[in-house]
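Letter by letter, the sequence shown follows residues 745 to 995 in the numbering used here. Every residue gets a Cβ at the ideal spot worked out from N, C-alpha and C, and that includes glycine.
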Amino acid sequence: MSHRYLTAPAQVRAVDVGPATVIVNYRSGQVDTLIGPAARWWTELATSGDTDTPAALDHVTARTLRGQLLEAGLLTPSAQPTPWPVPTTGPAWEPSWGTHELAAGRTTPVPVPRTITMVAGLALALVLATLAAGRPHRRMARLTWLLQRSTRHTSRSATTERAEQAVYAVRRAGLLAPGRVACLEESAAVLVLLAASRHRVMWCHGAAADPVRLHAWVETEDRQSVAEPASTARFAVLRTIPARDDGGESD
């Protein structure tokens, strides 16, 4: 069945990282990447919600792409034209030709008090349990729900020093975790750990090009990334928890 009017669900976010547009469904965790005419087609459709509007693709290619995005849950039928936000624009992109080095492997753990590391382990365990419980395709929805609930009762911003200590504690706790502990799990556990003492940081999830990849990290209230390499500045933010106050892509 062909649908003339389409829209993107509220949980779908998109960002233009230069050579590609990255689209994420924060309910299912589905991620798609569009390049060239397909990326322009998405932007044109976002401005109108009417599939007769985009001119970036021929009819057959556009129909195929519509079907793929509908199946992935990144688009949904609408009874009337329902535009949605066009992709936000990420930091200026320049090809590195392989000259930008990224850290690989584990960094040397930074010493933190044992009691804080133990509490960090509990926060990490909660995050891992949240991700593992329930249906796999809803794991991202469960994680964002946990982060939103955790930040609801925070009352003050975490200082850079306190936030860094939380990051280092979670990283140390992660060394003993039996499962995967990467940036997604680590950043979520940091937010939960600080929220337990009513301190607030901003959880950020974004995308970058060269190559296209996703990353999660935390920032202080003044938007300083915490215990992150300089390369994190290359990521365009798709979603933040709690919401940014500049109208950007956040919740």
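Contact check for residue 918 and residue 925: beta-carbon distance about 4 Å, within the 8 Å limit, so the pair qualifies.
The three-state secondary structure of residue 800, taken from DSSP, is coil. In the three-state reduction of the DSSP assignment, residue 830 falls in the coil class, being assigned neither a helical nor a strand state. Residue 770 sits in coil when the DSSP states are folded into three classes, being neither helix nor strand. A straight-line Cα-Cα distance of about 9 Å links residue 838 and residue 953.
Residue 753 and residue 812 have their alpha carbons spaced roughly 15 Å apart. By the criterion of at least three beta-carbon pairs nearer than 8 Å, the region 777-793 is not in contact with the region 884-893. In the three-state reduction of the DSSP assignment, residue 860 falls in the helix class. For residue 821, the three-state secondary structure derived from DSSP is strand. Going by DSSP, residue 933 is part of the alpha helix (DSSP H) stretching over 927-939. Comparing C-alpha distances from residue 867 to each of 789, 778, 914 and 964 shows the shortest one belongs to 914. The beta carbon of residue 828 sits closer than 6 Å to those of 751, 752 and 790, all from its chain and outside the five residues before and after it, given in chain order.
Distance check between residue 803 and each of 748, 765 and 834 places 748 closest, using alpha-carbon atoms only.
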